Amino acid sequence: MTASAHPHTRVMVELGDRSYPVDIGPGVRHALSGVVAGLGAQRVAMVSARPDGWLPDPGVPSMVLRARDGEADKSLATVEELCREFVRFGLTRSDAVVSCGGGTTTDVVGLAAALYHRGVPVVHLPTSLLAQVDASVGGKTAVNLPEGKNLVGAFWQPSAVLCDTDYLETLPAAEMLNGYGEIARCHFIGAGDLRGLALAEQIAASVALKASVVSADERDSGLRHVLNYGHTLGHALEIVTDFRLRHGEGVAIGTVFAGRLALALGRIDEARAAEHLEVVRGYGLPFALPADADPGRLIEVMRLDKKATDGLTFVLDGPGGPELVSGLAEETVATTLAGMDRAGSDNRR
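Next up, the structure:
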């Protein structure tokens, strides 16, 4: 970043000629015009779920399309609507698209950019903690089908990511907690204990971890599976609760479950399993299954997980660190689910 009164951190996602920076810190959104100029874009379509006052000047003629964060709009219909607006605006392959919003907006806009004219540059301005540490980095774009989350998507790396921490000051506590679910699972996939760090440092450490994994395995053929730690049950919980449970909350519960499942399989000891619960509770995250979550339905949904090419499949901790474990017996999964704590609407106590 250029000189500023505030410290900024830059993390590079190293992908050869498609490498890009992730800038983290207060006010970094105002670097957008420089990013756009560097792309040589003549016009920009800005898709925003935030008030116009939070949109930086892109420095070129632009249009603003309104978006709504939330799983209801994470659909192919939304992608089609965006692409049709791009056509009306006259957007070409040499122009650019900018997303400004949470994880849903980031995913949907990223997929629209990947598909429009078979790919136009996209710059992400993630405005939620969840989007800053996860959705905006790594090039995974996807929308949901009624049958499951993120089942239709494409890999499309952004040209830059501007994680402006000023955006986080506007978030309600529940939305901040949503992001902490992704940070908590980083503890078990190589980031170490982040709990004592300032928030911007936790974001940077989470992004750096993801960047290193993505650089080594861009298209999810092996190592990148570790980023799905806690996600198999987490996604299932989102679906069976009709998204009453937020993504980060589901991942937090899924992280506790992953620890217990790894213990049941003899992959880790009781102290390491207990550490999963300790870390999740340390962030004030939920750790118990909702009282109305049916184990049979959860298992049914988990079988549809994208990783499940050979039966029930989870990313689990072990002697050599986290890895993908496939073909688990349904009885083992069901027994571990039955041993989880149960709670009502508030399971953070």
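Residue numbers (UniProt numbering): 1 to 349.
C-beta: ideal position from N, C-alpha, C; glycine also.
A quick note: this is a predicted structure, and the numbers were derived from the prediction, not measured.
In this structure, A191 is the residue among R219, A191 and G266 with its C-alpha nearest to the C-alpha of Y229.
In the DSSP assignment, V47 falls within the unbroken beta strand (DSSP E) covering V44 to S48. In the structure shown, Y180 adopts helical secondary structure according to DSSP, grouped into three states. Following the DSSP letters along the chain, one finds D23 in no alpha helix (DSSP H) but inside the beta strand (DSSP E) bounded by residues Y20 to G25. With contacts defined by Cβ atoms closer than 7 angstroms, F287 and V279 do not form a contacting pair. Counting other Cβ atoms within 10 Å of its Cβ, S206 reaches 16 or more and is therefore classed as buried.
With at least 16 other beta carbons inside 10 angstroms of its own, P290 counts as buried. Residues of the same chain with a CB within less than 6 angstroms of the CB of Y116, apart from the 5 flanking positions on each side, are C83 and F86 in chain order. Here H231 really is in contact with V251; their C-beta atoms are around 6 angstroms apart, less than 8 angstroms. Scanning L328, E81, L151 and G53 for the CA closest to the CA of D305 turns up L151. Counting only runs of 4 or more residues that sit fully inside the region 80-160, the alpha helix (DSSP H) segments are 103-115, in chain order. For the pair P7 and L145, the Cα-to-Cα distance works out to about 41 angstroms. Contact annotation, R29 with D164: C-beta distance approximately 4 angstroms; criterion of less than 8 angstroms satisfied. Counting only residues of its own chain and dropping the five nearest sequence neighbours on each side, R18 has a CB closer than 7 angstroms to the CB of Q157. In this structure, the alpha-carbon of V333 lies about 10 angstroms from that of L233. V60 sits in coil when the DSSP states are folded into three classes, being neither helix nor strand. Pairwise C-beta distances place the region 74-82 out of contact with the region 53-62, as fewer than three of them are shorter than 8 angstroms. By the neighbour-count criterion, in which 16 or more other beta carbons inside 10 Å mark a residue as buried, R297 falls on the exposed side. Every unbroken stretch of the beta strand (DSSP E) spanning 3 or more residues and falling wholly within the region 317-346 is given here in chain order: 323-328.
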